[in-house]
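Notes follow the structure.
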Amino acid sequence: MFAAAEREGFSPSAVLLTHHHADHIGGVAALQQRWPDLALYGPADERIPADAHRVGQGDRLSLLGNSFDVLEVPGHTRSHIAFVTDRHLFSGDTLFSLGCGRMFEGTAPQMFDALQRLASLPGETLVCCGHEYTLANAAFALHVDPTNAALQRRQQEAQAMRHAARPTLPISLKSELATNPFLRTSSPEIRAAVASRAGGAISSEVDVFAELRRWKDEFRA
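Just so we're aligned, residue 1 is where the sequence shown starts under the UniProt record's numbering, counting upward by one.
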């Protein structure tokens, strides 16, 4: 970020913190040292820097002429939040390209509900997630859903982009709805794959999601 700021000639005015994990907040002190007036916004959690403005469900921030709505999306952590503009979703580690975050503190029902609420945003919304995991997630998604032509195309496109040292992000929510198994728990293909692994039919979508997440936790490409 320091190199980009110098190269592009800008100074950041705010940082949006989705959750407390070190790979998301570890650089905050250095940023504040470089830009003392930097504003921080994050969830009401004692593990978030004390000088951050605490925000939660229903709050709206106005930054650089844009409005950011705050959504509480517990699951990855108990206090995880996301930020939504009219065109972008900053999902942290809740929703990834072709995947979702591990449930370190939340429950499967919480994470499923969070993902369903994010999935209800407009299809043209661009998902800006916390990590470049597209290729790794594609391997699991295709293991679960091998006949999905849209998913096959996405893997090929992602491979080409990464080979060219280009990011695969952001990605449209419409594309995620067609290819991300964690957003497709109602589809016959996903349900059949999960039932086969579990050794029997699974009735609820929450249970399908929970088994799918366990499968991903144990998956090795």
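Ideal Cβ positions, reconstructed from N, Cα and C, are used throughout, including at glycine.
Being a predicted model, the structure only gives us computed values, none of them experimental.
Nearest-angstrom Cβ-Cβ length linking residue i and residue j, presumed shorter than 8 Å
i      : j      : result
Ala138 : Ala165 : Actually they do not touch by this definition, with Cβ atoms about 18 Å apart.
Ile190 : Val127 : At roughly 19 Å, the Cβ-Cβ gap does not stay under 8 Å, so Ile190 and Val127 are not in contact.
His76  : Met103 : 7 Å
Asp93  : His19  : 7 Å
Gly56  : Pro43  : 7 Å
Leu63  : Ala141 : Actually they do not touch by this definition, with Cβ atoms about 34 Å apart.
Arg78  : Gly106 : 6 Å
Arg213 : Ala108 : 7 Å
Candidates the options, of which the one nearest residue i by Cα
i           : options                           : result
Pro74       : Ser67, Ala82 and Phe68            : Ala82
Pro12       : Gly99, Met1 and Ala193            : Met1
Leu173      : Ile48, Leu17 and Leu118           : Leu118
Pro181      : Leu115, Phe90, Val84 and Leu61    : Leu115
residue 225 : Pro170, His163 and Ser175         : Because the chain spans 1 through 221 in this model, residue 225 falls outside it and cannot be assessed.
Leu121      : Ser186, Phe90 and Thr134          : Phe90
Asn66       : Leu16, Ala52 and Asp86            : Asp86
Leu17       : Val84, Thr185, Phe10 and Val208   : Val84
Arg47       : Cys129, Ser203, Asp69 and His24   : His24
Leu135      : Ala193, Phe209 and Leu169         : Leu169
Ala198      : Pro188, Glu211, Gln110 and Ser187 : Glu211
Asn148      : Thr179, Tyr133 and Leu61          : Thr179
Tyr133      : Asp45, Pro36 and Ile171           : Ile171
Distance, residue j Cα to residue i Cα
i           : j      : result
His88       : Glu205 : 27 Å
Leu40       : Leu31  : 10 Å
Glu6        : Arg34  : 12 Å
Leu98       : Lys216 : 12 Å
Ala201      : His21  : 36 Å
Leu38       : Arg220 : 41 Å
Gly101      : Leu95  : 6 Å
Ala150      : Ala50  : 44 Å
His163      : Gly58  : 40 Å
His131      : Ala195 : 29 Å
Gln152      : Met161 : 14 Å
Pro146      : Ser203 : 22 Å
Phe10       : Glu218 : 43 Å
residue 235 : Phe68  : Since the first and last residues shown for the chain are 1 and 221, residue 235 lies out of range.
Ser187      : Leu71  : 26 Å
Gln156      : Ala193 : 23 Å
Pro167      : Val208 : 30 Å
Thr125      : Leu177 : 11 Å
Asp45       : Ala3   : 30 Å
Ala129      : Met111 : According to the sequence shown, residue 129 is Cys rather than Ala. Taking the straight line joining both Cα atoms gives about 16 Å.
Ala29       : Leu61  : 22 Å
Pro36       : Ala52  : 13 Å
Where the alpha helix (DSSP H) through residue i begins and ends
i      : result
Leu151 : Ala149 to His163
Pro188 : Pro188 to Ala198
Asn180 : Taken as a continuous stretch (DSSP letters only), Asn180 belongs to no alpha helix (DSSP H), as it is neither H nor E.
Ala201 : Element bounds for Ala201: n/a, residue is neither H nor E.
Leu142 : Thr134 to Val144
Ala3   : Phe2 to Glu8
Checklist entry - Curious, which full-length beta strand (DSSP E) runs of at least 3 residues does the UniProt domain "Metallo-beta-lactamase" (13-131) contain? => result 14-16, 39-42, 60-63, 66-72, 81-84, 88-92 and 126-129
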